[in-house]
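Presented below is the structure to which this report refers.
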Amino acid sequence: MMYSAVKSALFFVTSGVILFSLLSCSGKIKYPVTKEVDVVDDYHGTKVADPYRWLEDDNSAETKQWVEAENKVTFAYLKKIPQRKKIEKRLTELWDYEKYSLPYKEGGLYFFSKNDGLQNQPVLYVQESFEAEPRVLIDPNKFSEDGTIALTTTSVSKNGKYIMYGTASGGSDWQEFKVKEIATGKDLADHLKWIKFSGGSWSRDSQGFYYSRYPEPKEGEELQQQNRFPKVYFHRVGTDQSDDELIYEDPTQPDWGFSAFVTDDGRYLVLHVWQGTDRRNRIYYVKLNGSRQGRVIKLLNDFDAGYQYIDNDGSLFYFQTDLNAPKSKVIAIDVRRPNRLNWKTVIPERDDVLSGVNVINNKLVAVYMHNAHNLIKIFEKSGSLVNEVALPAIGSVAGISGKKEDSEMFYGFTSFSYPTRHYRYDFAAGESTLFRSPEVKFNPEDFETQQIFCESKGGVKVPIFITYKKGIDLKSGNNPTYLYGYGGFNISLTPSFSVSNLQWMEMGGIYAMANIRGGGEYGVEWYKQGTLANKQNVFNDFIAAAEYLIAEGYTSKEKLAIGGGSNGGLLVGACMTQRPDLYAAALPAVGVMDMLRYHKFTIGWAWASDYGRSDDPEQFMFLYAYSPYHNLKEGTCYPATLVTTADHDDRVVPAHSFKFAARLQKCQICDKPVLIRIETRAGHGAGKPTGKQIEEQADKWAFLVKNLEMK
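So this is what it looks like as C-alpha cells:
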C-alpha cells in the first residue's frame, strides 16, 4: 500500500477529475470534484439519472486518475490519525501466530496448509504420515514479490503422484491450473486458463481431471464481460489445454454452471448444475465404466429444491436436500430406480438446521445449526443416531476432514474468543482429543460473549451475538460498538475468531453480529423472507438491531458503527441511506451499490435469485426503492463513511463503490468525512496478502477511533 506524501498546495486538472488541496483552512476535507455526465435511463417509464456512469470503465485513463485522486485524499486523512501506527503495531502482534488448515489424506499422503504468522500466503505441506517430517510442496509466497498471487484450490490424484493446483492473481476470481509431481516437486508443462468457480476432480486411473471453464473474455474486458456459457472438460496430464476433451455443455442455457466430480469409487461422474446463486439446482451423472465420458443422465432435473451430493454405495446415492424440508434432511436415491416413489428418507428434518454432511468411518457426520451456532451429530447410514460430539463451547465447526474408510476424523472449532483449534475424533472410543491449538498473544478468559434477541418489524425475533472485554460497563450507553451483518444468499453467520475483532474489543469496543433474515440461520423460510420483494426485511432487521443496542444502553448513536462486505456492503449502504441519523460511522466494503445495473457485470447476473432484476417492471420498483447509489439525497448529513474496494474485484466490480462514493461526497452536507479506500492489486477479498489485510484493517479501526471519538 502507498502512503504518498501530498503537498498541501497541490491541485491539478484532467478531463475528468479536479483535485483541490486536501484540507481547507477550517480543516474540512476537500474531495476530488467528480465529473458528471448526462446519462438517463428509462426503466418502464421511470427516468433514472446515472451521472457517474463513466466510472464503470475501470480501464479508462479518467477512471484511473479518479482512483489516484481519491486515494490521495483518503490516505492523507488516515495517515494523520495519531493512533493509527499503534493500532497497526498491535494488530501485527496479534496476527503473528501459526495458522494451520485441517489435515487431509489422499493417495496415501497427508496434506495441510500453514502460515508461520505474517507470511502473505499460507504454504502447502505434504507428509508420509503424522510422524514423518512435513515438507513444503507449494509455497505461493514465491509466486510474486508482493504476495498477490494466491493458491486457490488443490486436488490430489488417486495414486498420490500428482497435485493439480489453482492460482489467482491480484484477487481475481479467474484461476489458472497447473500440475505438479508430488514426489519431485516439479511443475509439469500443463497450464490451463479462464477458469472460475471450479475445482478439479481426478479420474480413478489418475491420468487426468475434470473441470469447468468459461470462454476467454476479450482483452481488457475481464471486469465487464459477463461470465456465461461454461463447459465441462477432461484434461489429460501432459497435454495442451486446446486438446482437452469436451464432456458436457448446454448452449441453450448460457446461465447454467457446472461442478464436476468423480465419486470415490470412480464409477460415476456427478454434475452439480447450478443457476446463479439460486439454492435450487439440478443433478446429472455419467456412468464412466472405465471411459472418460458417457451418456449424461438427468437424475434431478426439476429445479424444485437444493440437492447436495454426499456419497454413494454403488448405485445408492445420498443427498442433503431441502425438498419439503426447509431445515434440510438426508435422502437416498437408487439411480437404477430413480422414481420419487422409491426415494428413502435417511435423516428426517429436525428442529435445527442441517448445515452439511460428510461420510467418515462409513457413517453420516452431520453438522447442525442451533440458534446460529453449531452441533455435530453422528448417524448410521440407516439413519439411527450414534452420538453427538461434545464441542468445547458455543461456537462454529470450522471444517471436517476424513474419508469413508477412516477410523478417525479431524474437525476445527472456533468462536469469538477461540482461535481455531483442531480436534481428532476417534470413532471407536467416541471421544475427541486436542490435535492442534494456536498460541495467540491474548487471554481468551478476558472476553465474554452473550446472545441477545431484538424484535424487528412484524414481531420477528432477531438474534445478536455481542462480545466484549470483561470489566466494561456494558450498559453505560457510551460503549463504541461495531455492528456487523450480511443477510443474503442463504449464508449463515456463526461465531468465529477474528484478530481484528479481538483488537476492537481490546480497545474497549463491543463487537455485535446480527443474524438477520436473508441468511440461512433458521432454514429456507428465514432465507426467503430476505429475498426479492422481501429484501427490505433484511434492512429492517439490521436497523432494529441498531435501535435495540442503543435503547438497551449498550451504545449510543454517537458511538455506533456499522459494517459489512459484499452483500453486507449493500446492507450497510441501504441502512445508512434509509437511517443516516442512526449511526456515527459506516464501513461498507466491496458492496453491491447499484441495484439497477449489477447484473450487467461479470457474474452479477447470477444474483438475481436473491435480488431480482431491473428489466422486470415489478422487480425494478423494489430494487429502485432501496438501491444505495440511487437513494442518496443531496443536503443530507450521512455518517462518517469509509468505503473500501479493490481495483481487481471481478465479482462485485469496483464501479459500485466508485459511483456510490462519488455521489455520497456530493450529497454530504455536514463535516463528517466520506472517503473511499481503493486497494490496488487486490480483489473481492479471497487470497489478499496478510500485509494488505493488516494495513486495511488498521485504516478501518483508525477511522472509527477518530470518528467515534474513542479514548
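Residue numbers (my numbering): 13 to 723.
For glycine and all other residues, C-beta sits at the position ideal for the given N, C-alpha and C.
The structure displayed is predicted, hence computed values, not measured ones.
Whole-number beta carbon distance between ALA598 and ILE476, since they are thought to touch under 8 Å: Not quite, the Cβ-Cβ distance comes to about 18 Å (not below 8 Å), so this is no contact.
From GLN541, SER72, GLU48, residue whose alpha carbon lies closest to that of ALA61: Nearest C-alpha to ALA61: GLU48.
ASN491, buried or exposed, once every other Cβ within 10 Å from all chains shown has been counted against 16: buried
One or two residues paired with TRP214 in a DSSP bridge: BP columns for TRP214 point to PHE221.
LYS126 - partner residues in DSSP beta bridges: TYR112, VAL135
Local conformation of LYS101 per DSSP, three classes: helix
Alpha helix (DSSP H) segments (min. 4 residues) lying fully within the region 535-610: 536-540, 548-563, 579-590
Cβ contact (3+ pairs, closer than 8 Å) linking the region 619-634 and the region 696-712: no
Rounded C-alpha distance that separates ARG348 from ILE528: 42 Å
Contact the region 171-186 vs the region 657-676: 3+ CB pairs below 8 Å: A contact is defined here as three or more CB-CB pairs under 8 Å, and the region 171-186 meets this definition with respect to the region 657-676.
Status (buried if at least 16 other CB within 10 Å, exposed otherwise) for ALA618: Its Cβ being crowded by 16 or more others within 10 Å, ALA618 is buried.
Sufficient close CB pairs (3 or more, under 8 Å) joining the region 193-203 to the region 250-260: yes
Range covered by the alpha helix (DSSP H) that runs through CYS679: 667-679
For VAL148, the first and last residue of its enclosing beta strand (DSSP E): 147-150
Three-state secondary structure assigned by DSSP to THR251: DSSP places THR251 in the coil class of the three-state scheme, outside both helix and strand.
Between the CA atoms of THR493 and CYS37 - distance to the nearest angstrom: Model confidence at CYS37 stands at a pLDDT of 28, short of 50, so the residue's coordinates are unreliable; what they give is reported in the following sentence. Going from the Cα of CYS37 to the Cα of THR493 covers about 32 Å.
Contact check, ILE728 vs LEU312, beta carbons under 8 Å: This structure cannot speak to residue 728, because the chain is shown only from 13 to 723.
Classification of LYS487 by the beta-carbon crowding that lies within 10 angstroms, buried from 16 upward: exposed
Integer Cβ distance of LEU258 from ARG279, believed to fall under 8 Å: In fact, because the Cβ distance is near 22 Å, the residues do not count as touching under 8 Å.
Run of the alpha helix (DSSP H) containing ALA620, from where it starts to where it stops: 620-623
Three-pair Cβ contact test at 8 Å for the region 361-378 versus the region 322-329: yes
Residue of SER218, SER141, HIS284 minimising C-alpha distance to ASP277: SER218
Length of the line joining the Cα atoms of LEU35 and SER578: Residue placement at LEU35 cannot be trusted, given a pLDDT of 38 that sits under 50; what the coordinates show is reported in the next sentence. Those two C-alpha atoms are separated by around 31 Å.
Beta-carbon spacing of LEU106, GLN515 below 8 Å: yes
Closest Cα partner of PHE715 within the set GLY211, PHE189, ILE574: ILE574
Bridge partners - TYR496, DSSP secondary structure assignment: MET525, GLY575
6 Å CB neighbourhood of ALA652 in its chain, flanking five on each side removed: ALA597, LYS684, PRO685, ASN719
Given 8 Å, three or more beta-carbon pairs between the region 208-223 and the region 163-172: yes
LYS482 beta carbon less than 8 Å from that of ASP458: Closer than 8 Å, so yes.
For ASP267, three-class secondary structure by DSSP: Three-state result, ASP267: coil.
Nearest residue (CA-CA) to VAL285, options VAL298, PRO640, TRP268: Closest by C-alpha distance to VAL285, out of VAL298, PRO640, TRP268, is TRP268.
C-beta contact flag for PRO404 and THR461 at 8 Å: Taking 8 Å as the Cβ cut-off, PRO404 and THR461 do not qualify as a contacting pair.
Anticipated Cβ contact below 8 Å, PRO600 with GLY581, distance rounded: By a beta-carbon distance limit of 8 Å, PRO600 contacts GLY581. Their separation comes to about 4 Å.
Complete beta strand (DSSP E) runs within the region 621-663 (minimum length 3 residues, chain order): Runs of the beta strand (DSSP E) inside the region 621-663: 652-658.
Beta-carbon proximity list for GLY39, same chain, < 7 Å, skipping 5 on both sides: In this predicted model, GLY39 has a pLDDT of only 48, less than 50, meaning its place in the structure is not dependable enough to derive any value.
Extent of the continuous beta strand (DSSP E) to which TYR297 belongs: 293-299
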